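Residue numbers (the numbering used here), protein chains in the order written: chain R, -13 to 327; chain L, 3 to 602. Glycine included, C-beta positions come from ideal geometry on N, C-alpha and C. What you are looking at is a predicted structure, and each value in this text was computed from that prediction instead of being measured. Input: a single structure, listed below in structure tokens.
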Amino acid sequence: MSAVSIIVLVVLVILTLVQVMRISEISSEIQKGKDNDVSPKDNDTQGRLMLLVGFGFIISVVVMYIAWGRHSLPEPSSAHGAEIDSLWNLSMLIINIVFFIVQPILFYFAYKYRGKKGTKATYYEHNNRLELFWTMVPALALAVLIIWGLNVWSTLMMPENEEEPILVEVYAQQFNWTVRYSGGDNELGYATVHEIAGANIVGVDTQDPASADDIIAKELHLPVGKPIQFAFRSQDVIHSAYFPHFRAQMNCVPGSVTNFQFTPTITTAEIRQNKDVKAHVEEVNEIRKAKGEDVWDFNYVLLCNKICGAAHYNMQMDIVVETQDEFDAWLKEQKTVAETL
Amino acid sequence: MSTTTTTEKNNHFQDHLMEHHHEENFFTKYLFTMDHKMIGKQFLITGMFMGIIGVMMSMLFRLEIAYPEQSFPILEFFLGKWAPDGVMDPNIYLALVTIHGTIMVFFVLTAGLSGTFSNLLIPLQIGARDMASGFMNALSYWFFFTSSVVMVVSLFVESGPAAAGWTVYPPLSALPQAMPGSGAGMTLWLISMTLFIVSSLLGSLNYIVTVLNMRTKGMSMTRLPLTIWAFFVTAVLGVLSFPVLLSAALLLMFDRMLGTSFYLSDIFMGGEVLSYSGGSPVLYQHLFWFLGHPEVYIILLPALGISSEVIATNSRKPIFGYRAMVGSILAIAFLSFIVWGHHMFVTGMNPFLGSVFTFTTLLIAIPSAVKAFNYITTLWKGNIQFTPAMLFSIALVSTFVTGGLTGVILGDSALDINVHDTYFVVAHFHIVMGLSAIYGMFAGVYHWFPKMYGRMMNKSMGYAHFWLTFITAYGVFFPMHFLGMAGLPRRYYSNTAFPMFDNLADINVLITYFAIIGGAAQLIFIFNFFYSIWRGPKAKQNPWRGNSLEWTTPVEHIHGNWPGDVPVVYRWAYDYSKPGAEEDFVPQNVPLAEGEESGH
């Protein structure tokens, strides 16, 4: 039924357009001598519209910042995250300054210099000093961003540790995550797809002595304030381990192991008290209540952020950041590879 | 100079050919033509057809994003078994996203934009009777046509079209077990792309040779209109980068069909270990993005060339800083080859490489900024004629600035980590590349429609089309920045699996409304286009009072473009409102008046 109504709608729209065309054709024939050329009146109207819509756009950008800016991720929960956010804020400041200068000028010029009868444009073909000026200014701004950016990048990728990081493997498959802790020896046992069988989902080689105390879990628990060295693996397609609250992301590539390191700084319990997070949770729960869905409490979450198949949109794992004692207690409850496999 | 003599010889040869002019039938005129103007129109119509498919797909998946997992009969109407009871299947969602991207990037904004206007304008604006090889040119179109047919056919295969994202990263795209879309649909995708690449190479080689060898007397490289510079550099980019995509596609085919392991290693799927070993999926990404990034400029440069021409003509002013504009085109083109790694910051590649790519990527902002400022200065103290083409060109400058600015964030590896593959990226590339390029394409169609069809498009419908498009397009893509900053990943069939995104649902609904209105607004354009082909008012020879040579050809198309001799060029293309001249434009074939300085 509705397919038919859609076809009818499309036909109606086309018919309307045809009629509109006819009217405009007839009316243009009545106003003889007026052809399809752009008239001074058109220039005036379109020039004014440029100013109106252009500034409308700029104002609506401000409105969007006010209305939706609060949706942005809460304060970073990792040590390096603060550095990323400072760099982010500086970059945003610079691009917003440029945006709010250049866009108004563009629309204002379009309006100001709209064609008028009897005026002539100014023949102005180049000005080397002016061009040099707007080559150098972006170059300087970018130099700052590049130098700072590279600095942050190298601290992210080549962190210097005061204490030895805890080694954790994040393992991806269509469409779920598994984690493996390295246990007391802080060394992950050798693993390969050839060992995958039954409960051994990550393919641990049980012959490797380092594997005996490894712990496999379905929830990622992290002790606060400890550097965590992640090793990422995938058994099938590329996945991407995305930890938005920790400002971290790394692809999981089948056939190789990738790495990333960060230090969680805020426990789950603490972040739930953060006022931005509280406001977020409240807002979400109001929406959920209206739809008759369960109440939600904030949890850190690991998302898959590389298209990996049908259920890509639902490949997730909860992350719990807790105190060292809580973490140790939780880890003790888990069974080791030696016990399970 | 030797070029001049070759040109003259060539023109003599073509003059000779014209004497043996014979009656044409429907097939030789419209189908198997070797005339560059007709081939340009063929590219345009095919590109528009593909564009309609691509945009309609986006309407469907926008509906799904706004109202996830809800039933819409329209979905069942279009998608059949992929939307049982009107609820879209996640697999077809991914397929729609994939084919939308493929069609828009390659079929509309590469072939439809560059193919149309390079073919139409290169001979006309440099003063040549046709392309260097008319046959190769026709071949280029027919490869493109075949490629389009294969791509459309792939939509109807049993297991569904390709669905691994437009970048089709293996192993997802390599293994039919990984998702339904990686079956026959993916094979057809690869065949289609291979044909497309052949088409692109044939076209590009032709453009390069024509621009270098067939310019009329007096048309030095520094007198070329910026459109030609843009098309020329685009063709060079295509010739250097598309073969790499060809090799990437061939190796992927080998992995799929012959059991090789270029991209595959250590894979456990469907309960067994597959026999691939030693390959690397990241190799594919390097090969893909070695084309993929220049591809962004293959799309964007022609649009920038078109807008340079349109803005100068309709501001009635010379383009500001011609040499800087050419220089920035060359700089952008050069840099575009050494930035591909910025798409791969989170693949685990060597951190040092990440630093290098951050550095080169952010450098691109400099020539881009020069271009933006030069456009704005061209408007300054102009006498702006607001044709629909001019409106779209000004909008292009706006989107180029808006989208370019967020590139400064995404190009910075340290910042990219947290917004990589989120809606922030979707916003960025749709605005800077999608909107800018499509605005350039619209500007080109409105501006050169009289040259293509000898008639004018309706101005009022052009205005209505522009304002609806401009407002709704920003309405669609600007809010996506905020979704990205909230951490929402792209290519999610539904955001309901994560309660943290529940409060973004309203924004998604708003975006979908804008998308549907904006999509519907394109009907105005399509109607205007086809109506004007047959019913538009007859065009004057030089309706916009332009300087470049295409406006010296007769309105009725003839083989060889000029009935008499090919015009000789005495000046650059931007002598608008030159002091001392009577009119506010001086065409390129007008000799310098006594005592007149060549200015440029």
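Contact with chain R by Asp567/L, beta-carbon distance below 7 Å: Here residue 567/L refers to the residue found at position 565 when the second sequence is read from its first residue. So no, Asp567/L is outside the interface.
Per DSSP, what kind of secondary structure is Phe34/L in: helix, strand or coil? Within the second sequence, the letter at position 32 stands for residue 34/L. Three-state DSSP puts Phe34/L in coil, outside helix and strand.
What is the residue span of the alpha helix (DSSP H) that Asp508/L lies within? In the second sequence, counting from the first residue as 1, residue 508/L sits at position 506. Residues 507 to 537.
Where Met50/R sits in the DSSP three-state scheme: For the purposes of this step, residue 50/R is identified with residue 64 of the first sequence, where counting begins at 1. Looking at Met50/R - three-state DSSP - the assignment turns out to be helix.
Using a C-beta to C-beta distance shorter than 8 Å, which residues of chain R count as neighbours of Gln469/L? The residue given as residue 469/L occupies position 467 in the second sequence. Sequence inspection shows Trp at residue 469/L; the Gln mentioned does not correspond to that position. Going along chain R in sequence order, the residues near Trp469/L (Cβ under 8 Å) are Leu35, Val39.
Examine the Cβ distances between the segment 421 to 429 of chain L and the segment 279 to 292 of chain L and report whether three or more of them are shorter than 8 Å. no
Between Arg258/L, Gly205/L, Gln179/L, Gly220/L, which lies nearest to Leu192/L when the distance is taken from Cα to Cα? For the purposes of this step, residue 192/L is taken as residue 190 along the second sequence, with counting starting at 1. It is Arg258/L.
By a C-beta neighbour count over all protein chains shown, 10 Å radius and 16 as the cutoff for buried, is Ala326/L buried or exposed? Locating residue 326/L in the second sequence gives position 324, where the first residue counts as 1. Looking at its Cβ environment, which holds 16 or more other Cβ atoms inside 10 Å, Ala326/L is buried.
Skipping 5 residues on each side, what residues in its chain have a beta carbon closer than 7 Å to that of Ala251/L? Here residue 251/L refers to the residue found at position 249 when the second sequence is read from its first residue. The answer, listed in chain order, is Leu192, Met195, Thr196.
Candidates Thr360/L, Phe109/L, Trp469/L, of which the one nearest Pro390/L by Cα: Numbered from its first residue, the second sequence carries residue 390/L at position 388. Closest option to Pro390/L, Cα to Cα, is Trp469/L.
Inside the segment 159 to 197 of chain R only - beta strand (DSSP E) runs reaching at least 3 residues: 162 to 167
Under 8 Å, with one C-beta from each stretch per pair, do the segment 64 to 78 of chain R and the segment 540 to 549 of chain L reach the 3-pair mark? no
Spatially closest choice to Glu325/R from Gly135/R, Thr192/R, Glu279/R, Gln302/R, by CA coordinates: To locate residue 325/R, count along the first sequence from 1; it is residue 339. Minimum Cα distance to Glu325/R is reached at Thr192/R.
Pull up the DSSP beta-bridge partners for Asp567/L, would you. As a position in the second sequence, residue 567/L is number 565, starting the count at 1. Note: Asp567/L sits in no beta bridge, so no partner.
Rounded to the nearest angstrom, what separates Gly603/L and Met59/L at their Cα positions? Residue 603/L falls outside the range modelled here, since chain L spans only 3 to 602, and no answer is possible.
With respect to the beta strand (DSSP E) encompassing Phe229/R, which residues constitute its N-terminal and C-terminal limits? Here residue 229/R corresponds to residue number 243 of the first sequence, with the count starting at 1. Residues 225 to 229.
Burial state of Met223/L (16 or more Cβ within 10 Å): As a working note, residue 223/L is residue 221 in the second sequence. Exposed: under 16 other Cβ atoms inside 10 Å.
Count the other C-beta atoms from every protein chain shown that fall within 10 angstroms of the C-beta of Asp91/L, then say buried if there are 16 or more, exposed otherwise. Within the second sequence, residue 91/L is the residue found at index 89, counting from 1. It is buried - the Cβ of Asp91/L has at least 16 other Cβ atoms within 10 Å.
Any 3 or more C-beta pairs closer than 8 Å across the segment 212 to 231 of chain L and the segment 568 to 578 of chain L: yes
Less than 7 Å between CB atoms is the rule here; does Lys461/L satisfy it with respect to chain R? Residue numbering aside, residue 461/L sits at position 459 when the second sequence is read from its first letter. Chain R contact via Cβ: present.
From Leu126/L, Thr401/L, Lys43/L, Gly436/L, residue whose alpha carbon lies closest to that of Asn591/L: The residue given as residue 591/L occupies position 589 in the second sequence. If we check each option's Cα against that of Asn591/L, Leu126/L comes out closest.
Could you please give the first and the last residue of the uninterrupted beta strand (DSSP E) stretch that includes Ser220/R? Walking along the first sequence from the start, residue 220/R turns up at place 234. Run containing Ser220/R: 214 to 220, per the beta strand (DSSP E) assignment.
So Gln302/R is in the beta strand (DSSP E); what residue range does that whole segment cover? As a first step, residue 302/R is located in the first sequence; it is residue number 316 there, counting from the start. Residues 302 to 308.
With a cut-off of 7 Å, does the C-beta of Asn563/L fall near any C-beta of chain R? Along the second sequence, read from residue 1 onward, the residue named residue 563/L stands at position 561. Chain R, which has no Cβ nearer than 7 Å to the Cβ of Asn563/L, makes this no.
Are the Cβ atoms of Asn563/L and Arg64/L separated by less than 7 Å? Residue numbering aside, residue 563/L sits at position 561 when the second sequence is read from its first letter. Residue numbering aside, residue 64/L sits at position 62 when the second sequence is read from its first letter. Cβ distance not < 7 Å, so Asn563/L and Arg64/L don't count as in contact.
According to DSSP, residues forming a beta bridge with Thr322/R: Counting from one through the first sequence, the residue named residue 322/R turns up at place 336. Ile201/R, per the DSSP bridge assignment.
Find out if the Cβ-Cβ distance for the pair Pro2/L, Asn549/L is shorter than 7 Å. Outside the modelled stretch of chain L, which goes from 3 to 602, sits residue 2/L, for which no answer is possible.
Output needed for Asp311/R: all residues of its chain with C-beta closer than 6 Å, excluding positions within five of it in sequence on either side, in chain order. For this step, residue 311/R is matched to residue 325 along the first sequence. Taken in chain order, the list of residues that qualify is empty.
Extent of the continuous beta strand (DSSP E) run through Gln387/L: Along the second sequence, read from residue 1 onward, the residue named residue 387/L stands at position 385. Where Gln387/L is concerned, there is no enclosing beta strand (DSSP E), given that its DSSP letter is neither H nor E.
9 Å Cβ cut-off: residues of chain L touching Glu269/R: One-based indexing of the first sequence puts residue 269/R at position 283. Those are Asp504, Asn505, listed as they occur along chain L.
Contacts of Tyr465/L in chain R (Cβ-Cβ under 9 Å): Start at 1 with the first residue of the second sequence, and residue 465/L comes out as number 463. Simply Asp28, Thr31, Gln32, Leu35.
What number of angstroms, rounded off, separates the C-alpha of Gly241/R from the C-alpha of Phe359/L? As a working note, residue 241/R is residue 255 in the first sequence. As a working note, residue 359/L is residue 357 in the second sequence. Spanning the two alpha carbons is a distance of roughly 24 Å.
To the nearest angstrom, report how far apart Tyr299/L and Asp222/R are at their CA atoms. One-based indexing of the second sequence puts residue 299/L at position 297. One-based indexing of the first sequence puts residue 222/R at position 236. Those two C-alpha atoms are separated by around 33 Å.
Report whether the distance from the Cβ of Trp316/R to the nearest heavy atom of the ligand MG is below 6 Å. Of the ligands one can find in the structure shown there are none, so the ligand MG has no counterpart to examine.
In or out: Val403/L buried (at least 16 other Cβ within 10 Å) or exposed? On the second sequence, residue 403/L is found 401 positions in, with the first residue counted as 1. Buried, because 16 or more other Cβ atoms sit within 10 Å of the Cβ of Val403/L.
C-beta atoms of Ser58/R and Ala488/L nearer than 7 Å: By 1-based counting over the first sequence, the position of residue 58/R is 72. By 1-based counting over the second sequence, the position of residue 488/L is 486. Yes, these two residues count as a Cβ contact at 7 Å.
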